[in-house]
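Position 354, counted from 1, in the sequence shown is what full-length UniProt numbering calls 354; the numbers after and before it change by one each time, with no gaps. The block underneath contains the structure these notes are about, expressed in structure tokens.
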Amino acid sequence: MDPRIREHAEVIVDHSIDLSEGDNLVIDAHPQAADLVTALHEFAADRGANPLVVQDRLGERFRRAYLRNRDEFETPSHVEALYEEMDAYIAIKGSDNVTETSDVDPETTAAYQQSQQPLLNERLSKTWCLTQYPAPANAQLAQTSTEGYENFVWDAVLKDWDAVREHQSQMVEILDPAEEVRIVSGETTDVTMSIAGNETLNDYGEKNLPGGEVFTAPVPDSVDGEVLFDKPLYHQGREVTDVFLRFEGGEVVEHSAAKNEDLLTEVLSTDDGASRLGELGIGMNRDIDQFSYNMLFDEKMGDTVHMAVGRAYDETVGEDNEQNESAVHVDMIVDMSEDSFIEVDGEVVQRDGTFVFEDGFED
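Here is the structure:
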């Protein structure tokens with residue numbers, strides 16, 4: 001076993017979920033991630049925890065068979081009972097075919113996601129971590145060799161996360177008390193939103209591994225303007241490119257995409273909350289230096305921002321603010337490396353990817 005796999009497992013167990021004696025642990029993993037699952041079991045044994053492996057989170061072949069033969073869904077009570085009894089949940093991304101669900105009707109997928117909403121709520125209420133195993137199919141999607149992708153994944157995961165937390169806390173201190181954020185990129189993106197009363201979180205490798213972003217929730221009805229997401233979106237086994245959204249009063253009133261626009265339309269039509277923003281995130285991890293068609297990594301890239309239509313995370317919504325509810329949470333990315341700026345309460349805090357607290361900002 002590559003020694004970095006055990007290092008990866010140790011970071012998950014000790015840093016991300018702080019696994020303790022007696023914890024009931026659910027590991028949700030594709031068979032491609034068997035080595036990492038094995039290492040996690042070694043650490044679970046050492047910590048006195050009780051692991052159970054399921055293959056739901058990314059069992060694309062199983063899900064495809066199910067979704068192509070059924071069009072009405074209900075929340076499975078036995079799965080909900082499992083999640084109620086667990087103390088910690090680890091989801092490990094990895095695939096042997098990243099396009100396995102590409103021929104599933106988007107409307108069917110939306111109906112299925114709505115039925116799974118109580119399960120998502122229960123999982124998010126527990127200690128959890130989402131991470132990636134460097135499977136060959138994911139390497140192929142990233143257009144790199146298997147060895148190159150292994151290096152990419154583990155370079156991003158095996159970091160000094162305390163140092164990351166300290167660096168990113170400077171942006172949290174700017175956003176947390178803020179009222180309004182404006183994002184501008186070239187002539188294609190100019191959008192404003194209120195984040196007043198909402199909390200900005202510092203993602204340093206706990207819930208998502210790798211970490212490398214700060215994120216918050218827009219006030220749902222406050223978003224106005226236009227956004228061109230110039231990085232591709234890979235969703236349900238299909239690529240969606242040049243997503244354009246125009247917001248009025250918080251709601252998407254116009255949308256388009258150069259490729260697979262029908263999939264975008266289905267996402268936005270999932271439920272009432274799917275056409276509103278649930279997240280604003282700012283990527284700060286410059287060790288993620290290539291686009292990989294994997295949102296777990298791509299949204300953390302330095303010199304980017306991302307916005308998610310759909311569900312807002314509970315922890316980002318202030319006690320007196322409305323939370324955007326949805327069965328979906330779909331992130332999309334804007335490149336901020338050139339001819340771009342982030343403005344917070346009227347002051348520019350990032351210009352062409354460089355933050356106000358970094359060398360070179362004044363230049």
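Every residue gets a Cβ at the ideal spot worked out from N, C-alpha and C, and that includes glycine. As the structure is a computational prediction, the values presented were derived from the model and not from experiment.
Buried versus exposed, by CB contacts within 10 Å (16 or more), Phe-62: Under this definition Phe-62 is an exposed residue.
Helix, strand or coil for Val-53? Go by DSSP, reduced to three states. Val-53 falls in the strand class under three-state DSSP.
Using only alpha-carbon positions, find the residue among Arg-47, Thr-99, Tyr-293 and Ala-91 that is nearest to Ala-142. It is Tyr-293 whose Cα lies nearest to the Cα of Ala-142.
For Val-53, the nearest candidate out of Val-172, Arg-70 and Leu-82 (CA to CA): With distances taken between Cα atoms, Val-53 lies closest to Leu-82.
Return the first residue and the last residue of the beta strand (DSSP E) that Arg-351 is part of. Start and end: 347-351.
Would Val-13 be called buried (16 or more neighbouring beta carbons within 10 Å of its own) or exposed? Buried.
Spatially closest choice to Pro-106 from Asp-262, Trp-128 and Gln-55, by CA coordinates: Residue Asp-262 holds the alpha-carbon nearest to the alpha-carbon of Pro-106 among Asp-262, Trp-128 and Gln-55.
Select from Glu-166, Ser-185 and Arg-238 the residue whose C-alpha is nearest the C-alpha of Asp-203. Here the closest residue by C-alpha is Glu-166.
Beta-carbon proximity check, Ile-342 vs Val-181, cutoff 8 Å: Against a cut-off of 8 Å, the Cβ pair of Val-181 and Ile-342 comes out as a contact.
List the residues that DSSP assigns as beta-bridge partners of Lys-259. For Lys-259, DSSP records a beta bridge to Thr-241.
In terms of residues, what are the limits of the beta strand (DSSP E) holding Ala-308? 304-310 is the extent of the beta strand (DSSP E) around Ala-308.
Mind checking whether Ala-88 and Leu-25 have CB atoms under 8 Å apart? Yes. Within cutoff.
Closest by CA to Gln-140, which one among Ala-156, Gln-168, Gln-114 and Ser-95? The residue with the shortest Cα to Cα distance from Gln-140 is Ser-95.
Proximity of Val-252 and Phe-229 at Cβ, strictly below 8 Å: Taking 8 Å as the Cβ cut-off, Val-252 and Phe-229 do not qualify as a contacting pair.
With distance defined between alpha-carbon atoms, name the residue in Gln-113, Asp-103, Tyr-133 and Val-104 nearest to Ala-91. Closest by alpha carbon: Tyr-133.
With a cut-off of 8 Å on the beta carbons, I'd call Gly-302 and Asn-285 a contact; round off their distance for me. Rounded to the nearest angstrom, the Cβ distance from Gly-302 to Asn-285 is 6 Å, consistent with a contact under 8 Å.
Would you list the one or two residues that DSSP bridges to Gln-290? Gln-290 is not bridged to any residue.
Segment limits, alpha helix (DSSP H) that includes Leu-228: That residue, Leu-228, is in no alpha helix (DSSP H); its beta strand (DSSP E) goes 224-229.
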